[in-house]
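Just below is one structure, and these are the notes that go with it.
In the numbering used here, the protein residues as written are 724 to 1221.
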């Protein structure tokens, strides 16, 4: 099998592996270095399990000083480094390289400061997303971004991928909720960007780092804003005969000036899989289901529920159920949060995509995906953040059947091309990584990519941090001052797929 093109392994680095491992054990003593093959197997892939590669060595630092020493050591010796959080990335962003140190940040797992007066939490990057909410919920606060993997994904990984979640429609992505970070550059310099204040001076380097996918620096501390729990929250389960009608209902709700706390959509296959898995009480005689959550003062919620019900009825809804207790509201969401593992019960494998489109194009894109499904002969279950147009189609396939993985990847590429064609983007929250890297040219011109590469070169002039991710071709930074030069100076060999 051909596999995925990645940076060509550096023979000199591979030949020095024993020396590098020994030096890493001096920098990170104890059990902080994993160099045995069996031990490294646990880190050979992230959530995009179709691609796997053992790293040169796995290093698990515990302090910012250790991270700085590791990066400076590797920078001085031209050794590549791949940062990794919890490994839940679905785009291959944490895929190791054969000649690279895999820098795993999971031991950075402490909450450092809770400041209720300023409504902030400062945490190390290995703290889980949900862990921040657990730390402050006794005082009635929470952290708003809530990706489906929030029980496992780390806040440092959320910064790297600019993660969202079901409540990002009203409360924003990670970028809207991060106030400051501490980071280490490839040469070992430690920087602080932002802080507890609402706006940072100078260039928006915090914005540059959020969503940079480990290509610019390694985050060692994160300060986020926390919010007071709303006075009340209620959710509606609304069923429709078709995804097109549900999609139009989404557009009409937003068009009416209503901003739900969350608005999610599932199609027939996803509904039935989730209901069989969680027993949330989802209607099984509909082909599309909206979960619309409204939060705020009680009288306001009551008024908005009436408006949403009326909009849904005008769009042909055939079922509507409104939560009457906090427990019931959480059950409504439990099915949605468990949709990915639920779909795993109806198919040997699935390929989770991530593209974002203008809301008004939802009916067109859903119809297009159905046509692609028939053309490729592969099923698809749709689960997505309908309010902000972030699609998560789950392409169903069997990796044991020859050629099915390749068909699933081609199907996924066609979905993303359609997203761009209708005015959307390649990713909403999963990142580009290796999965979408070779599609970057469908969205960006060569000039666009040149300027993005200049940012990369300013932070990491030797392309040592997470190379082979995001950019379809690497350019030597010394050439970036000249606009018209030949591309493809750094060859990519293949990584096997599984």
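Quick reminder that beta carbons are idealized off the backbone N, C-alpha and C, glycines included.
#1: What are the residues that DSSP puts in a beta bridge with residue 941?
#2: How many angstroms separate the CA atom of residue 1158 from the CA atom of residue 1029?
#3: Distance, Cα to Cα, residue 785 vs residue 932?
#4: From the DSSP output, which residues share a beta bridge with residue 963?
#5: Once the 5 residues before and after residue 806 are set aside, which same chain residues still bring their CB inside 6 angstroms of it?
#6: Return the chain-ordered list of same chain residues with a C-beta closer than 6 angstroms to the C-beta of residue 732, the five sequence neighbours on each side being excluded.
#7: Would you mind giving the Cβ-Cβ distance between residue 892 and residue 986, rounded to the nearest angstrom? I have them listed as a contact below 8 angstroms.
#8: When you compare only the Cα positions, how much space is there between residue 1079 and residue 742?
#9: Select from 1053, 779, 745 the residue whose C-alpha is nearest the C-alpha of residue 736.
#10: Could you give the first and the last residue of the continuous alpha helix (DSSP H) run that contains residue 992?
#11: If you measure between the beta carbons of residue 850 and residue 877, is that distance less than 8 angstroms?
#12: List, from N- to C-terminal side, the beta strand (DSSP E) runs of 3 residues or more that fit wholly inside the region 1066-1127.
#13: Can you tell me the Cα-Cα spacing of residue 1066 and residue 760, whole angstroms?
#14: So is residue 1212 buried or exposed if we call it buried at 16+ other beta carbons inside 10 Å?
#15: Excluding the 5 residues preceding and the 5 following residue 707 in the sequence, name in chain order all residues of the same chain whose CB lies nearer than 6 angstroms to its CB.
#16: Nearest-angstrom Cα distance between residue 1009 and residue 1042?
#17: Whose CA, out of 1027, 1173, 902, 888, lies closest to the CA of residue 845?
#18: With contact counted as at least three CB pairs below 8 angstroms, one residue from each stretch, are the region 764-778 and the region 786-796 in contact?
#19: Quick one: grab the DSSP three-state call for residue 902.
#20: What three-state label does DSSP hand residue 1176 in the structure shown?
#21: Hey, how far is the Cα of residue 753 from the Cα of residue 836?
#22: Does DSSP put residue 1021 in a helix, in a strand, or in coil?
#23: May I ask which residues mark the beginning and end of the alpha helix (DSSP H) holding residue 825?
#24: Among 862, 879, 794, whose alpha-carbon lies nearest the alpha-carbon of residue 833?
#25: Considering residue 928, what are the terminal residues of the beta strand (DSSP E) in which it resides?
#26: With DSSP as the reference, please indicate the residues paired to residue 799 in a beta bridge.
#27: Nearest by alpha-carbon distance to residue 1143: which of 1167, 1156, 1126 is it?
#28: Less than 8 angstroms between the beta carbons of residue 968 and residue 1089, yes or no?
#29: Less than 8 angstroms between the C-beta atoms of residue 852 and residue 866, yes or no?
#30: The alpha helix (DSSP H) spanning residue 834 covers which residue range?
#31: What residue does the alpha helix (DSSP H) around residue 854 start on, and which one ends it?
#32: Which class does residue 1016 belong to by DSSP, given the choice of helix, strand or coil?
#33: Apart from the five residues on each side of it in sequence, which residues of its chain come closer than 6 angstroms, Cβ to Cβ, to residue 1069?
#34: List the DSSP bridge partners of residue 747.
#35: Determine the extent of the alpha helix (DSSP H) in which residue 753 is found, giving its start and end residues.
#36: On the DSSP letters alone, give me the boundaries of the alpha helix (DSSP H) that residue 1045 sits inside.
In short:
#1: As a beta-bridge residue in DSSP terms, residue 941 pairs with 907.
#2: 42 angstroms
#3: 22 angstroms
#4: 1011
#5: 826, 937, 941
#6: 821, 822
#7: Confirmed, Cβ separation roughly 6 angstroms.
#8: 46 angstroms
#9: 779
#10: 991-1001
#11: yes
#12: 1072-1075, 1103-1107, 1116-1120
#13: 32 angstroms
#14: Below a pLDDT of 50, predicted positions are generally treated as unreliable, and residue 1212, at 49, falls in that range; the measurement from the model is reported next regardless. It counts as exposed.
#15: One cannot answer for residue 707 here, as it falls past the ends of the chain, which runs 724 to 1221.
#16: Our two residues, residue 1009 and residue 1042, have alpha carbons roughly 8 angstroms apart in a direct line.
#17: 902
#18: no
#19: strand
#20: helix
#21: 27 angstroms
#22: helix
#23: Residue 825 -> not in any alpha helix (DSSP H); beta strand (DSSP E) instead, spanning 823-827.
#24: 879
#25: Here residue 928 belongs to no beta strand (DSSP E); instead the alpha helix (DSSP H) covers 928-932.
#26: DSSP, once it has assigned bridges, lists no residue as partnering residue 799.
#27: 1167
#28: no
#29: yes
#30: Element bounds for residue 834: not the alpha helix (DSSP H) but the beta strand (DSSP E), 834-838.
#31: 852-859
#32: Strand at residue 1016.
#33: 996
#34: Per DSSP, none; premise fails for residue 747.
#35: That residue, residue 753, is in no alpha helix (DSSP H); it is neither H nor E in DSSP.
#36: Residue 1045 -> not in any alpha helix (DSSP H); beta strand (DSSP E) instead, spanning 1042-1045.
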